[in-house]
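S.K.: Structure provided below as structure tokens; questions to follow.
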Amino acid sequence: MIEHQMEVPQDEKLRKRRRPVGTTALKKSKTQYVWLNVLPDDLWLKVRQGETIWEALNREGVELESDCGGLGKCGKCKVKVLSSIGPPTREEEQLLSEEELEQGIRLACRTPIDKDLVIHTEGMDFEAEYFQILKTGHRPFLHHQPLINKRLITLSPDLLDEGIADMDRIKMVMVPEYQDLEAPIHCLRTLPGRLAATEYHGAAVLHENTLLAWQDWEEVDCHFGLVFDLGTSTLVGKLISLTDGSEVAVVSCLNSQMKYGSNVISRLKYLQDHKNGLERFHNLLINDLNRITTRLLKSANLGPDDIFIAVAAGNTTMQHFLLTLDPSGIAEAPFSPVLTDGLIVKASAIELRLHPEALCYVMPTKSGYIGGDLISVILCSGAWEQEEAISLGLDLGTNGEIFLGNHKRIMTCSAAAGPALEGATISHGMIAKAGAIEDVRIEDDELSYKIIGNTKPKGVCGSGLVDLIAVLLHCGYINYEGLLRPPRKNKIESLSSRMLKRAGVYEFLIASAEESYSGRPMYLTQKDIRELQLAKGAVAAGISTLMDEMGIGIEDISHVYLAGALGNYVNPLSAMRTGLIPKFEPGIITSLGNAASTGASMALLAKNYWQMANELSDFIEHIELSSRLDFNDYFIENMDFPKGNLW
Numbered sequence: 037m038i039e040h041q042m043e044v045p046q047d048e049k050l051r052k053r054r055r056p057v058g059t060t061a062l063k064k065s066k067t068q069y070v071w072l073n074v075l076p077d078d079l080w081l082k083v084r085q086g087e088t089i090w091e092a093l094n095r096e097g098v099e100l101e102s103d104c105g106g107l108g109k110c111g112k113c114k115v116k117v118l119s120s121i122g123p124p125t126r127e128e129e130q131l132l133s134e135e136e137l138e139q140g141i142r143l144a145c146r147t148p149i150d151k152d153l154v155i156h157t158e159g160m161d162f163e164a165e166y167f168q169i170l171k172t173g174h175r176p177f178l179h180h181q182p183l184i185n186k187r188l189i190t191l192s193p194d195l196l197d198e199g200i201a202d203m204d205r206i207k208m209v210m211v212p213e214y215q216d217l218e219a220p221i222h223c224l225r226t227l228p229g230r231l232a233a234t235e236y237h238g239a240a241v242l243h244e245n246t247l248l249a250w251q252d253w254e255e256v257d258c259h260f261g262l263v264f265d266l267g268t269s270t271l272v273g274k275l276i277s278l279t280d281g282s283e284v285a286v287v288s289c290l291n292s293q294m295k296y297g298s299n300v301i302s303r304l305k306y307l308q309d310h311k312n313g314l315e316r317f318h319n320l321l322i323n324d325l326n327r328i329t330t331r332l333l334k335s336a337n338l339g340p341d342d343i344f345i346a347v348a349a350g351n352t353t354m355q356h357f358l359l360t361l362d363p364s365g366i367a368e369a370p371f372s373p374v375l376t377d378g379l380i381v382k383a384s385a386i387e388l389r390l391h392p393e394a395l396c397y398v399m400p401t402k403s404g405y406i407g408g409d410l411i412s413v414i415l416c417s418g419a420w421e422q423e424e425a426i427s428l429g430l431d432l433g434t435n436g437e438i439f440l441g442n443h444k445r446i447m448t449c450s451a452a453a454g455p456a457l458e459g460a461t462i463s464h465g466m467i468a469k470a471g472a473i474e475d476v477r478i479e480d481d482e483l484s485y486k487i488i489g490n491t492k493p494k495g496v497c498g499s500g501l502v503d504l505i506a507v508l509l510h511c512g513y514i515n516y517e518g519l520l521r522p523p524r525k526n527k528i529e530s531l532s533s534r535m536l537k538r539a540g541v542y543e544f545l546i547a548s549a550e551e552s553y554s555g556r557p558m559y560l561t562q563k564d565i566r567e568l569q570l571a572k573g574a575v576a577a578g579i580s581t582l583m584d585e586m587g588i589g590i591e592d593i594s595h596v597y598l599a600g601a602l603g604n605y606v607n608p609l610s611a612m613r614t615g616l617i618p619k620f621e622p623g624i625i626t627s628l629g630n631a632a633s634t635g636a637s638m639a640l641l642a643k644n645y646w647q648m649a650n651e652l653s654d655f656i657e658h659i660e661l662s663s664r665l666d667f668n669d670y671f672i673e674n675m676d677f678p679k680g681n682l683w
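As numbered in my numbering, residues 37 to 683 make up the sequence shown, in order.
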């Protein structure tokens with residue numbers, strides 16, 4: 037991201053961003069790996085830390101123009117680095133123009149990959165939009181026991197001439213564990229031919245007590261599964277090795293349902309007004325997932341028939357769309373879904389293009405607004421495995437989903453935070469994509485900000501909005517009631533010069549016409565501040581309601597977990613300064629990253645976590661805030677900003 041006004045060192049927020057679990061959660065490797073995300077194809081490559089972009093792309097067969105073979109002499113292997121990048125090398129300063137360097141353009145052969153990196157390669161046409169989609173997350177250590185197993189089996193020649201049925205011969209070899217082994221009709225129809233082709237020595241693909249397929253013995257190590265994060269705005273798919281638990285590839289895209297509304301409520305309204313709305317939403321979702329799957333499989337030279345298992349997690353409405361279940365009951369009180377149980381379905385039944393006998397596990401939910409994504413957050417945090425320590429977890433978005441508790445008791449609620457935390461309803465707000473200001477700070481009395489995608493600012497996303505308001509609160513340009521006005525004393529010239537009165541009301545100049553991408557000035561308005569107050573007031577009131585119900589205070593909370601895009605990227609100090617979360621010791625706050633996909637991968641890799649997810653669904657106590665009179669009191673109480681500074 038380009039840094040305007042001044043150089044800013046890596047801060048605590050950036051250090052907390054998690055890299056993908058590229059090595060494995062189950063065993064460690066001496067070689068350090070990082071991820072290279074290559075746009076516009078959204079190709080994710082696991083590369084050795086320190087090798088150059090040129091070396092990584094060349095090894096993977098991605099072609100770049102070059103006359104010198106990567107020696108740094110021709111200046112033609114240009115790529116645009118969309119994530120944060122250090123100063124150019126001497127060769128780059130000689131071969132690239134100042135304008136190119138300012139835009140983040142670098143030479144692939146001169147740029148080492150020291151951390152996760154996002155680049156754009158195609159034809160130097162960089163107008164394609166770059167969306168900052170959270171794909172990674174922290175996965176705790178787990179006992180490896182995947183939902184699908186493969187087992188090498190050799191049928192004894194003595195059994196071949198005794199007229200014994202094929203299935204019975206397999207059972208005889210696998211007893212006593214599989215004495216009641218079954219097989220679906222597709223497997224039975226192909227079994228005689230597969231046994232003969234493998235000369236009765238092959239790999240049995242097993243799910244619980246069912247034989248799904250018989251493969252060549254060499255395929256025993258070709259053992260992979262998929263996980264999907266079904267986000268309202270974005271979708272993420274991961275290819276996971278079922279052998280060692282590593283993430284082999286990650287692919288993401290915007291949810292095609294976005295054209296019918298950026299939030300769940302808009303889509304539920306569309307559903308009520310259009311007879312074929314449910315089918316349309318399912319088709320859009322499954323087409324996106326099939327495209328993601330194709331790209332994941334291509335990255336590992338696999339085909340659809342190589343995948344026997346997938347796990348999906350999302351909010352309750354998105355999971356209903358996946359299953360073609362009518363979520364209309366979620367639209368209004370009492371917000372009733374069709375079901376909350378975890379479900380195991382044939383992948384073919386939901387039109388997911390995998391092996392004919394592949395299964396899709398869909399995470400359990402708790403209520404209309406506590407979905408499989410929050411169940412995954414709880415799994416990922418380990419809160420339910422804690423006997424004494426109490427954890428608070430937040431998945432921040434349009435609906436602020438919150439949990440509080442431990443193994444003795446866990447409560448959840450969903451606070452209608454509104455779309456401000458995702459950049460909507462803000463004068464110059466936008467989602468986290470190229471051009472969004474994502475980070476704002478004041479150092480040495482100078483304002484600085486970071487922009488996604490190394491370009492001029494187009495707007496402010498959720499994390500940038502929280503940062504900006506926190507900075508203005510800290511410096512006295514916003515008071516505790518949310519009023520934007522210059523302070524009477526201790527004025528900072530760089531900020532005071534940006535305070536402009538328009539129509540009798542103060543506004544803060546975020547970027548001048550010369551600084552902005554559009555050539556028009558960008559402002560933070562009084563209305564924008566009120567929108568954040570409404571959002572943070574709802575989230576804070578939800579936290580207060582759960583704490584009151586549990587009978588605890590802030591001092592009783594041992595761990596705080598932030599999940600989702602905003603939860604991962606927001607500066608915890610800014611979140612506390614604005615009152616989005618209570619004031620905690622910063623050391624107890626952990627960003628879980630994309631906890632929805634992480635929780636789904638835990639269920640994929642360890643059967644006990646799938647069981648735990650279903651038990652959690654029954655165990656959780658859900659608090660419906662709309663029926664709580666004290667919620668309104670807490671909401672009004674938390675509308676104001678905290679009075680004390682934190683730094």
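The C-beta atom is built at its ideal place from N, Cα and C for all residues, glycine as well.
Source: prediction; values computed, not measured.
(1) Can you tell me where the beta strand (DSSP E) holding I221 begins and where it ends?
(2) For the putative contact between V381 and V398, defined by C-beta atoms under 8 Å, what is the C-beta separation to the nearest angstrom?
(3) Is it true that the CB of L143 sits closer than 8 Å to the CB of L111?
(4) In terms of alpha-carbon separation, which member of E517, S335, M535, E254 lies closest to F677?
(5) What are the complete beta strand (DSSP E) segments, minimum 3 residues, inside the segment 374 to 437?
(6) Suppose contacts are defined by Cβ-Cβ distances below 8 Å. Is S637 in contact with K186 by that definition?
(7) Output the distance between the C-alpha atoms of D324 and L388, rounded to the nearest integer angstrom.
(8) Taking 8 Å as the threshold (C-beta atoms), are V507 and H464 in contact?
(9) Check this for me: beta carbons of F371 and G404, under 8 Å apart or not?
(10) Return the CA-CA distance between G498 and Q181, expressed in angstroms with no decimal places.
(11) Under a Cβ-count criterion, where at least 16 other Cβ atoms within 10 Å of its own Cβ denotes burial, should N312 be classed as buried or exposed?
(12) Exposed or buried, V541, counting other C-beta atoms within 10 Å across all chains shown (16 or more means buried)?
(13) Please go through the segment 515 to 545 and give each complete alpha helix (DSSP H) segment of 4 or more residues, from N-terminal end onward.
(14) Between which two residues does the beta strand (DSSP E) holding K116 run?
(15) What do you get for W683, buried or exposed, if any count of 16 or more other CB atoms within 10 angstroms of its CB means buried?
(16) Can you give the beta carbon distance from L415 to A240, rounded, assuming they're within the 8 Å contact cut?
(17) For W250, list the residues DSSP reports as bridge partners.
(18) Only counting the same chain, and skipping five residues up and downstream in sequence, which positions put a Cβ closer than 6 Å to that of R53?
(19) Give the secondary structure of T88 by DSSP, where H, G and I count as helix, E and B as strand, and everything else as coil.
(20) Do you know offhand how far V256's Cα is from N644's?
(21) Note the first and the last residue of the continuous alpha helix (DSSP H) segment covering R126.
(22) Under the DSSP definition of a beta bridge, which residues are partnered with I624?
(23) Is it buried or exposed, G407, if we count other Cβ atoms within 10 angstroms and call 16 or more buried?
(24) Expressed to the nearest angstrom, what Euclidean distance is found between the alpha-carbon atoms of T147 and E283?
(25) Would you check if the distance between the CB atom of A453 and the CB atom of L661 is smaller than 8 Å?
(26) Out of curiosity, what's the CA-to-CA distance linking K207 and I343?
(27) L598: which of C449, R445, A346, L432 sits nearest, CA to CA?
(28) Would the beta-carbon of L75 fall within 8 Å of that of I155?
(29) Tell me D265's beta-bridge partners as DSSP assigns them.
(30) Out of curiosity, what's the CA-to-CA distance linking T157 and G378?
(31) Can the beta-carbon of N604 be found closer than 8 Å to that of G629?
(32) With a 10 Å radius around its C-beta and 16 neighbouring C-beta atoms as the bar for buried, classify E128 as buried or exposed.
(33) Leaving out five residues on either side along the sequence, give the residues of the same chain with a beta carbon under 6 Å from the beta carbon of I617.
(34) Could you tell me the boundaries of the beta strand (DSSP E) in which V287 lies?
(35) Considering only residues of the same chain and omitting the five flanking positions on each side of V287, which have a CB-CB separation below 6 Å?
(36) Threshold first: 4 residues or longer. Then list the alpha helix (DSSP H) segments lying entirely within the segment 573 to 615, N to C.
M.R.: The answer reads as follows:
(1) Not the beta strand (DSSP E): I221 falls in the alpha helix (DSSP H), residues 221 to 233.
(2) 7 Å
(3) Reading the sequence as shown, one finds Gly at residue 111 and not Leu. It is a contact, given that the beta carbons lie within the stated cut-off.
(4) E517
(5) 379 to 382, 395 to 398, 426 to 431
(6) no
(7) 10 Å
(8) no
(9) yes
(10) 38 Å
(11) exposed
(12) exposed
(13) 529 to 532
(14) 114 to 117
(15) exposed
(16) In fact, because the Cβ distance is near 29 Å, the residues do not count as touching under 8 Å.
(17) A240
(18) At R53 the pLDDT is 31, less than 50, meaning the model places this residue with poor confidence; the figure from the coordinates comes in the next sentence. Nothing listed; no residue qualifies.
(19) strand
(20) 23 Å
(21) 126 to 131
(22) None, per the DSSP bridge assignment.
(23) buried
(24) 25 Å
(25) no
(26) 24 Å
(27) L432
(28) yes
(29) V272, A349
(30) 41 Å
(31) yes
(32) buried
(33) A611
(34) 283 to 290
(35) D78, G273, I328, R331, L332
(36) 600 to 605, 608 to 614
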